[in-house]
Amino acid sequence: ERLANNFQFIDVGRHDPEKKDARLRARDFNEIYASFRPQDASSQAHRCLGCGNPYCEWKCPVHNYIPDWLRLVSEGNILKAAELSHQTNSLPEVCGRVCPQDRLCEGACTLNDGFGAVTIGSVEKYITETAFALGWRPDMSNVRWTSRRVAIVGAGPAGLACADVLVRNGVRPVVYDRHPEIGGLLTFGIPEFKLEKTVMTRRRAIFEDMGVHFHLNSEVGRDVSFTDLIEGYDAVFIGTGTYKSMTGGLPGEELPGVHKALDFLISNVKHRLGLGTDVEYLSMRDKRVVVLGGGDTAMDCTRTAIRQGAASVTCAYRRDEANMPGSRREVKNAREEGVEFSFNRQPIAIEAGADGQVTGVRVVQTRLGSPDAEGRRVAEVIPGSEMVMPADAVIVAFGFQPHDTPWLAEHGIDVDSRGRVVASVQENVGGPLAYQTTNDKVFAGGDMVRGSDLVVTAVHEGRVAASSILDYLKV
Ligand code: FAD
Ligand code: SF4
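In terms of UniProt numbering, the sequence shown opens at residue 3 and continues consecutively.
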């Protein structure tokens, strides 16, 4: 009996939850993965070897107690698993869905040596989904409330994680966001087929029950002054992300029919959720669409365009497939849904017809040359390889940089040469606390400190910043 259990990873292979057929899923925006059935969650969790020094835990940015909650799931003890998973992660049902697990926890699993990693992300999602369905809610009965209040600017994963830790320690968080709903890029960036919007509306209700207060449709610097927050609260956390879209500097990038990735994704969400008419709906129906870029944002754009009924969708990327920065899983999903890939193509101009409308993207072919100073192989242009990829619409997904935020400098909050807020990632003896900015009363985390990155790293920084705020307030 013991032996059989210990060798479960041989007897039972890795199985991901069921994925909807590509033709069906390309017709709607629903999530493409089903949830585990209880018996599958339990047998998949049981494949964990319980390594003494678990690499998965180290590789997970929030250092989840992975082998411990896998064991609880294999024993059917879901409520205890939910308690444990919330000790380290403020949004486990989100991370379980959208983390690039192949690069993080699952990439570090010992079973990768020929057996297939444990399905850690899907089990993490299963734990919270099942616990919520059973009526489980975070236990706040032992919280001793203080009189302290902290303002949080930005209801993205960094701000929400900070609020979660503060409220569990009896400090009242008041969260300001310019959008009509919480979540930041979880709501107004990542599409529904990866993360259905009800996941965040449910979390909002849970946070509100825990004592987090939200001021939505409130832009700091316009509707509310940052000075008022500094003066009116005991401390402030800022997690306002990075919203300046990087451009390729291409001739024709300003033409009608050329869209920035986030404008396109936000217009789709607002259209689908009926959230305000402040942005025009950018429909790709019946259009030949070319998406420029090779990261996760590019993949989200291609798959959204497919679902809107585009005539064709092609992703043009300047390096080869092996060097794409995005998650392998998302590239595979995009390809299954009908996205074409054109690798080693560098755009040099966007072209228009006599009416000014986009007609195509002029590209040159590249090959990988010798490594640069950092060891990354440089893409070299192949002479005489110019061609035009026909297109009725072009979506530019070259990434994001920090946007200008004038009220930072006005309050002595330094940014570095790339516009990121300067905040020490760890506590320095006698120096600043972790994620404390150059204004002692202000803490910061997430994309605005590290540059655009991941949901789970934003969650981590929001949580660590909250611990620093507790130290600062001597709570
Ligand atoms: P954000 O999520 O950007 O939240 C910042 C919030 O601050 C926003 O709600 C904004 O409205 C608000 N705000 C800004 N300025 C003000 C102001 N002055 N006043 C009030 N509110 C303000 N990561 C993954 O891990 N997996 C993925 O699959 C993934 N897919 C992605 C897809 C897309 C299209 C994009 C763009 C990003 C994706 N990411 C993904 C990255 C991830 O979403 C971000 O790293 C993460 O959301 C950063 O969290 P944050 O809290 O720092 O900022
Ligand atoms: Fe893996 Fe992300 Fe969950 Fe950590 S938070 S265990 S990296 S899915």
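Virtual Cβ for every residue (Gly too), placed ideally from N, Cα, C.
Keep in mind it's a predicted model, so treat the numbers as computed, not measured.
Whole-angstrom distance between Arg287 and Val125, CA atom to CA atom: 36 Å
According to DSSP, residues forming a beta bridge with Leu370: Ala381
Test item: CB-CB of Ala36 and Glu338 under 8 Å: no
Any non-hydrogen atom of the ligand SF4 closer than 7 Å to Leu106 Cβ: yes
Beta-bridge partners of Gln438, as assigned by DSSP: Phe445
Cβ shell of Glu20 (< 8 Å), same chain only, five flanking positions each side left out: Tyr35, Ala36
Whole-Å CB distance - Leu136 paired with Leu81, under 8 Å assumed: 7 Å
Residues bridged to Met391 (per DSSP): Val363
For Arg205, the first and last residue of its enclosing alpha helix (DSSP H): 200-212
For Ala308: DSSP bridge partner residues: Rather than Ala, the amino acid found at residue 308 in this sequence is Ile. Paired residue(s): none; Ile308 is not in a bridge.
Runs of beta strand (DSSP E) wholly within the stretch 135-172 (minimum 3 residues, chain order): 151-155
Closer than 7 Å: Met450 CB and nearest the ligand FAD heavy atom: yes
Contacting residues, own chain, Cβ-Cβ under 6 Å from Met301 (five flanking each side not counted): Gly328, Glu332, Ala336
C-alpha gap between Ala207 and Lys443, whole angstroms: 29 Å
Sub-8 Å separation of Thr249 and Val365 beta-carbons: no
Beta-carbon proximity list for Ala313, same chain, < 7 Å, skipping 5 on both sides: Asp288, Lys289, Arg290
Sub-8 Å separation of Met450 and Ile192 beta-carbons: no
Element boundaries [beta strand (DSSP E), containing Cys317]: 314-318
Leu264, DSSP secondary structure in three states: helix
C-beta contact flag for Val145 and Gly116 at 8 Å: no
Three-state secondary structure (DSSP) of Ser37: coil
Val238: CB within 7 Å of a non-hydrogen atom of the ligand FAD: no
Rounded C-alpha distance that separates Lys22 from Val315: 20 Å
C-alpha distance - Ser220 paired with His181, whole-angstrom precision: 7 Å
Check: Ile68 C-beta below 7 Å from any heavy atom of the ligand FAD: no
Span separating the alpha-carbon of Gly54 from that of Arg16: 21 Å
For Tyr235, three-class secondary structure by DSSP: coil
Under 8 Å between C-beta atoms of Gly186 and Gly259: no
Other residues of its chain near Thr306: CB distance less than 6 Å, five sequence neighbours each side excluded: Pro193, Asn270
Validate contact between the stretch 95-112 and the stretch 457-471 using beta carbons, cut 8 Å, 3 pairs: yes
Residues bridged to His217 (per DSSP): Tyr178
Collapsed DSSP secondary structure at Leu284 in the structure displayed: coil
Gly432 Cβ short of 7 Å to the ligand SF4 heavy atom set: no
Three-state secondary structure assigned by DSSP to Phe11: helix
Limits of the beta strand (DSSP E) - the one that Val293 falls within: 290-294
Endpoints, the beta strand (DSSP E) within which Ser76 is located: Here Ser76 belongs to no beta strand (DSSP E); instead the alpha helix (DSSP H) covers 68-76.
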